[in-house]
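In my numbering, the protein residues as written are 691 to 862. Before any comments, here is the structure.
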């Protein structure tokens, strides 16, 4: 069993809960600028999460030439799902590339620093996934401010875990 892939499967499962919430939002609310939140709108924040994966795992980790997602090009939640399908492929490539080498250090430039940074595979994976969860909480808060009542998007109950594992077993 690849622990990081299993971890990422759980992240994708909880991400689905967030996508379900976003699909309930009126389009105007999805793109509406909300004061007090970095990145402005739910859409922009969602794109920022995707860009984090692209930058850290794709550019820094895999040394790929990736054009980051531009929120202005994301027309709706369905398109954002397509963006995250590409992110899923990127994450799996990253995990496959560094299978079992979680402490391996990668060196590269970070745009806001002059010096090169040395970061482990585990750090890169952990940073991008915790970054997603941080901003997922903000998106839920934004939805509440817009008058929506979100379902729980964070915790997986034992029943949810069992359903996820059963669903994964049938896809093998």
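Yeah, the Cβ is synthetic: ideal placement off N, Cα and C, and Gly gets one too. All values reported here derive from a predicted model rather than from experimental measurement.
Please state if the CB of residue 810 and the CB of residue 711 are separated by a distance shorter than 8 angstroms. Within the chain shown, numbered from 1, the residue matching residue 711 stands at position 21. Within the chain shown, numbered from 1, the residue matching residue 810 stands at position 120. In this structure, residue 810 does not lie closer than 8 angstroms to residue 711 by Cβ.
When you compare only the Cα positions, how much space is there between residue 776 and residue 815? Taking the chain shown and counting its residues from 1, the one referred to as residue 776 is at position 86. Taking the chain shown and counting its residues from 1, the one referred to as residue 815 is at position 125. So the two alpha carbons sit approximately 16 angstroms from each other.
Give the straight-line distance between the Cα atoms of residue 847 and residue 817, rounded to the nearest whole angstrom. The residue given as residue 847 occupies position 157 in the chain shown. The residue given as residue 817 occupies position 127 in the chain shown. So the alpha carbons of these two residues sit roughly 24 angstroms apart.
CA-CA distance, residue 705 and residue 740? Numbered from its first residue, the chain shown carries residue 705 at position 15. Numbered from its first residue, the chain shown carries residue 740 at position 50. If I take the Cα positions, the gap works out to 12 angstroms.
Coil, strand or helix - residue 810 by DSSP: One-based indexing of the chain shown puts residue 810 at position 120. Residue 810: strand per DSSP, three-state reduction.
Measure the C-alpha to C-alpha separation of residue 838 and residue 789 and round it to an integer number of angstroms. Translated into positions along the chain shown, residue 838 becomes position 148. Translated into positions along the chain shown, residue 789 becomes position 99. Computed Cα separation, rounded: 41 angstroms.
Can you tell me whether DSSP reads residue 752 as helix, strand or coil? Position 62 of the chain shown holds residue 752. Note: residue 752 maps to coil in three-state DSSP.
Are residue 737 and residue 781 closer than 8 angstroms when you measure CB to CB? As a first step, residue 737 is located in the chain shown; it is residue number 47 there, counting from the start. As a first step, residue 781 is located in the chain shown; it is residue number 91 there, counting from the start. No, Cβ-Cβ distance for residue 737 and residue 781 is not below 8 angstroms.
Evaluate contact between the region 819-834 and the region 797-804, counting only Cβ atoms and requiring at least three cross-stretch pairs below 8 angstroms. no
Are residue 715 and residue 727 touching if we call contact CB-CB under 8 angstroms? The residue given as residue 715 occupies position 25 in the chain shown. The residue given as residue 727 occupies position 37 in the chain shown. The answer is no: Cβ separation not under 8 angstroms.
For residue 827, which three-state DSSP category applies? Against the chain shown, residue 827 aligns to sequence position 137. Residue 827 carries a helical assignment under DSSP once its states are collapsed to helix, strand and coil.
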